[in-house]
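Scroll down for the structure; my scribbles are underneath it.
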Ligand code: GAR
């Protein structure tokens, strides 16, 4: 991709949208080569919708409860994404299971607040993850960016960053440091994707070296 060309990105969320805001801010600062062409929220009251509107990004609500099945919900999400012309989808705190059609394999990325495959799966999101990490007495946790397949918090791992767990940590304190790690590795994963440097082979991601002109 040439330096001038920006990757068309769709962001899916369910909550506060700090991850979306990080993308918006980095793109505005010229530090992320993306154009966010669509935001989809699974909830009407998600503050992320406000952030999208403020940034002038088209935003739609697509709620699972309005569909008879997971499959119909996913079809509606992907129809909206395809209409937007997005090339990559980032799940940014999207708390709903999304079946990924074959055409979108390795084109949907998620960020998870733990070092997968530990502390992932149904019910393991947001503060529940950090509570579980502290309950287990883990010394290390972190953040993972991965391509999404059809299982919860599963699929080829793109990047991870470790975060030390401190003896006096609370779930909130830990969440703050893990989110700081997310704010580094999620944009970095998008940059690598935009640069065509991510190759998925036998379920694993290989990061190609940077091209030198
Ligand atoms: C992020 O910290 C992300 O790791 C987590 O939701 C938060 C969303 O925050 N995602 C998951 O737990 C996915 N299993 P945000 O709405 O402020 O971007």
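Numbering (the working numbering), first residue to last: 192 to 404. From the three backbone atoms N, C-alpha and C, an ideal C-beta is built for every residue, glycine too.
Report the CB separation of residue i from residue j in whole angstroms; it is logged as a contact under 8 angstroms.
i           : j           : result
residue 287 : residue 233 : 5 angstroms
residue 214 : residue 225 : 7 angstroms
residue 336 : residue 280 : Contact doesn't hold; Cβ gap of about 13 angstroms is too wide.
Could you tell me the distance, in whole angstroms, from the CA atom of residue i to the CA atom of residue j?
i           : j           : result
residue 308 : residue 342 : 12 angstroms
residue 409 : residue 329 : Past the edges of the chain, shown from 192 to 404, lies residue 409, and the structure says nothing about it.
residue 285 : residue 208 : 10 angstroms
residue 211 : residue 236 : 15 angstroms
residue 283 : residue 256 : 20 angstroms
residue 250 : residue 197 : 19 angstroms
residue 201 : residue 294 : 15 angstroms
residue 193 : residue 351 : Reliability of the predicted coordinates at residue 193 is poor, the pLDDT of 49 falling under 50, and the value obtained from them is presented with this limitation in mind. When rounded, the distance between both Cα atoms is 27 angstroms.
residue 379 : residue 370 : 14 angstroms
residue 372 : residue 333 : 7 angstroms
residue 310 : residue 353 : 14 angstroms
residue 303 : residue 403 : 32 angstroms
residue 323 : residue 347 : 23 angstroms
residue 218 : residue 381 : 11 angstroms
residue 260 : residue 245 : 32 angstroms
residue 386 : residue 301 : 18 angstroms
residue 412 : residue 221 : Any property of residue 412 remains undetermined from this structure, which presents the chain solely from 192 to 404.
residue 395 : residue 383 : 15 angstroms
residue 199 : residue 358 : 42 angstroms
residue 448 : residue 326 : Outside the displayed range of the chain (192 to 404) lies residue 448, so it cannot be described from this structure.
From the DSSP output, which residues share a beta bridge with residue i?
i           : result
residue 232 : 204, 252
residue 226 : 199
residue 397 : 390
residue 300 : 281, 338
residue 333 : 353
For chain B, is any of its Cβ atoms less than 8 angstroms away from the one on residue i?
i           : result
residue 309 : The structure shown contains no chain B; it holds only a single protein chain.
Flag residue i as yes when its Cβ comes closer than 7 angstroms to any non-hydrogen atom of the ligand GDP, and as no otherwise.
i           : result
residue 216 : This structure does not include the ligand GDP; its bound ligands are the ligand GAR.
Query - Runs of beta strand (DSSP E) wholly within the region 336 to 361 (minimum 3 residues, chain order) - result: 348 to 355
**Report entry** Complete runs of the beta strand (DSSP E) confined to the region 360 to 385 [at least 3 residues]
**Finding:** none
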